[in-house]
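In what follows, a single structure is set out as C-alpha cells and then discussed.
Numbering (my numbering), first residue to last: 89 to 361.
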C-alpha cells in the first residue's frame with residue numbers, strides 16, 4: 089500500500105492540504121502520515137530565552153497532533169492515518185522521515201503568500217528540490233477531485249537527462265489521468281538542430297504514459313501556461329525543480345502570483361535526476 093505524507097502547523101492553509109492528502113489517499117488506496125515540526129518558543133529581546141522546557145513544548149505539540157489524527161480518523165473512517173512528530177525544521181523533518189518510509193508522494197499547503205513562512209519560498213523550494221519523491225503543492229481552498237488531465241510544462245533541452253520519467257509515468261498510471269506535454273516557444277526561438285532528437289528522446293522516456301504533445305506560440309510563457317491550463321481543464325501542473333530554471337520563477341513573486349494564483353490548481357514537483 090502506498091504512503092502519502094503531509095505536514096501541518098495547524099493553520100487553515102496547512103490543514104486544507106492535510107484533508108486533500110486524506111482524500112487523495114482514499115481515492116488511490118494509500119495510507120497517510122501527518123508530520124508536524126515543533127520548536128521551543130523564545131522571548132524576543134536582546135537575550136532570547138526559552139519560554140518553556142523542550143519537554144513541555146513537545147508534549148503540547150504531540151497532544152495537538154494526536155487530536156488532529158483522531159479527528160481525521162472520524163472524518164475518514166477506514167483510512168489508515170498515522171502521525172510523526174519532529175523537532176526543528178519541517179522540511180528536514182519530512183526528508184528524514186521519508187528516508188526510511190519511502191512515500192509515494194508528499195502533499196503540502198501552498199498559500200502563495202509572502203506572509204506565510206511555513207511553506208513559502210525557501211522551505212517549499214527546498215522540499216521540491218531535495219526529495220526523491222513527488223511533492224504536490226496545494227493552493228488554499230481548493231477542493232479535491234481525482235485528476236483527469238495532468239500537464240507537464242517543459243523545455244525539451246532541460247528535461248532530457250533530468251526528468252524523473254518513471255516517477256511521472258507512475259503518477260499517470262496510478263491516477264489514470266491523461267498526460268499533456270506542453271512546450272511554449274515564440275517565433276521558433278528555442279527550435280534548434282537538436283530539437284527533433286530531443287522530442288524523440290522525451291517520447292522514449294515517457295511514451296508508456298501515452299502523452300499528447302502540445303506546442304504553443306506565446307512570447308509570455310506564464311500567460312501561455314495559464315491559458316493552456318484554463319482552456320484544457322488541466323487538473324495538475326507538473327514541473328521539474330532545478331537551479332535557475334522554470335521552478336525558480338514559478339514560486340517567486342510576480343510569477344508565483346501570475347501562474348499559481350490564477351490557475352489555482354495543484355502543482356506537482358518531480359525531483360530532478
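No residue lacks a Cβ here, since even glycine has one placed at the ideal position from N, Cα and C.
(Q) With the cut-off set at 8 Å, would you say residue 119 and residue 150 are in Cβ contact? (A) Taking the first residue of the chain shown as position 1, residue 119 is located at position 31. Taking the first residue of the chain shown as position 1, residue 150 is located at position 62. Residue 119 places its beta carbon 8 Å or farther from that of residue 150.
Q) Is residue 175 helix, strand or coil by DSSP? A) Sequence index remark: in the chain shown, residue 175 carries index 87 (1-based). In the structure shown, residue 175 sits in a strand (DSSP, three-state: E or B).
**Q.** residue 326 versus residue 144 - alpha carbon distance
**A.** Taking the first residue of the chain shown as position 1, residue 326 is located at position 238. Taking the first residue of the chain shown as position 1, residue 144 is located at position 56. For residue 326 and residue 144, the distance between alpha carbons rounds to 41 Å.
Q: From the DSSP output, in three-state form, read off residue 110 for me.
A: By one-based count along the chain shown, residue 110 stands at place 22. Residue 110: helix per DSSP, three-state reduction.
Q. Taking the alpha helix (DSSP H) that residue 147 falls in, what are its first and last residues?
A. In the chain shown, the residue the question calls residue 147 occupies position 59. First-last of the alpha helix (DSSP H) with residue 147: 142-163.
Q) Secondary structure at residue 116, three-state DSSP: helix, strand or coil? A) Locating residue 116 in the chain shown gives position 28, where the first residue counts as 1. In the three-state reduction of the DSSP assignment, residue 116 falls in the coil class.
(Q) For the pair the region 218-235 and the region 303-321, tell me if three or more CB-CB distances fall below 8 Å. (A) Result no; under three Cβ-Cβ pairs closer than 8 Å.
Q) Per DSSP, residue 257 is paired with what? A) As a position in the chain shown, residue 257 is number 169, starting the count at 1. Bridge partners of residue 257: none, in fact.
Q) Just the Cα atoms here: how many angstroms apart are residue 302 and residue 264? A) The residue labelled residue 302 in the question sits at position 214 within the chain shown. The residue labelled residue 264 in the question sits at position 176 within the chain shown. If you draw a straight line from the Cα of residue 302 to the Cα of residue 264, it is about 20 Å long.
Q: Could you work out which residue in 236, 162, 163, 155 is closest to residue 171 when comparing CA atoms only?
A: Here residue 171 corresponds to residue number 83 of the chain shown, with the count starting at 1. Closest by C-alpha distance to residue 171, out of 236, 162, 163, 155, is 155.
Q | Given residue 262 as reference, the closest of 275, 321, 114 once Cα atoms are compared | A | As a working note, residue 262 is residue 174 in the chain shown. If we check each option's Cα against that of residue 262, 114 comes out closest.
Q: Please go through the same chain and pick out, in chain order, the residues whose beta-carbon is closer than 7 Å to the beta-carbon of residue 320, but skip the five residues on each side of it.
A: Here residue 320 refers to the residue found at position 232 when the chain shown is read from its first residue. Closer than 7 Å at Cβ, skipping near neighbours: 237, 268.
Q | Opening and closing residue of the alpha helix (DSSP H) in which residue 315 lies | A | As a first step, residue 315 must be located in the chain shown, where it is residue number 227. For residue 315, the uninterrupted alpha helix (DSSP H) segment begins and ends at 309-319.
(Q) By the three-class DSSP mapping on this structure, what secondary structure does residue 182 have? (A) As a working note, residue 182 is residue 94 in the chain shown. Under the three-state reduction of DSSP, residue 182 is assigned to helix.
Q: Report the partner residues of residue 227 according to the DSSP bridge assignment.
A: By 1-based counting over the chain shown, the position of residue 227 is 139. Answer by DSSP bridge pairing, in chain order: 198.
Q) When you compare each of 294, 285, 232, 298 to residue 254 by their alpha carbons, which one comes out closest? A) Position 166 of the chain shown holds residue 254. From the listed residues 294, 285, 232, 298, the smallest Cα separation to residue 254 is found for 294.
Q) Helix, strand or coil: which one does DSSP assign to residue 268? A) Here residue 268 is taken as the residue at index 180 of the chain shown, counted from 1. Strand.
Q: Quick one: residues in its chain with C-beta nearer than 7 Å to the C-beta of residue 287, no 5 flanking neighbours on either side, listed in chain order?
A: Taking the chain shown and counting its residues from 1, the one referred to as residue 287 is at position 199. Contacts found: 244.
Q.
Comparing C-alpha positions only, which one of 305, 306, 106, 230 sits nearest to residue 163?
A. Along the chain shown, read from residue 1 onward, the residue named residue 163 stands at position 75. Closest option to residue 163, Cα to Cα, is 106.
Q) Which word fits residue 356, buried or exposed, when buried means at least 16 other C-beta atoms lie within 10 angstroms of its C-beta? A) The residue given as residue 356 occupies position 268 in the chain shown. Per the 10 Å Cβ criterion, buried.
Q: Tell me whether residue 99 sits in a helix, a strand or coil according to DSSP, three-state version.
A: On the chain shown, residue 99 is found 11 positions in, with the first residue counted as 1. Coil, per DSSP.
Q: Hey, could you find the ends of the beta strand (DSSP E) residue 322 is sitting in?
A: For the purposes of this step, residue 322 is taken as the residue at position 234 of the chain shown. Counting along the chain, no beta strand (DSSP E) covers residue 322, and no H or E run does either.
Q. With burial defined as no fewer than 16 other Cβ atoms inside 10 Å of the residue's Cβ, what is the status of residue 216: buried or exposed?
A. Start at 1 with the first residue of the chain shown, and residue 216 comes out as number 128. A residue is called buried when at least 16 other Cβ atoms come within 10 angstroms of its Cβ; residue 216 meets this threshold and is buried.
Q: Please say whether residue 352 and residue 227 have beta carbons closer to each other than 8 Å?
A: Looking up residue 227 in the chain shown gives position 139. Looking up residue 352 in the chain shown gives position 264. Cβ distance < 8 Å, so residue 227 and residue 352 count as in contact.
Q. Between which two residues does the beta strand (DSSP E) containing residue 237 stretch?
A. Counting from one through the chain shown, the residue named residue 237 turns up at place 149. In the DSSP assignment, residue 237 falls within the beta strand (DSSP E) that extends over 237-241.
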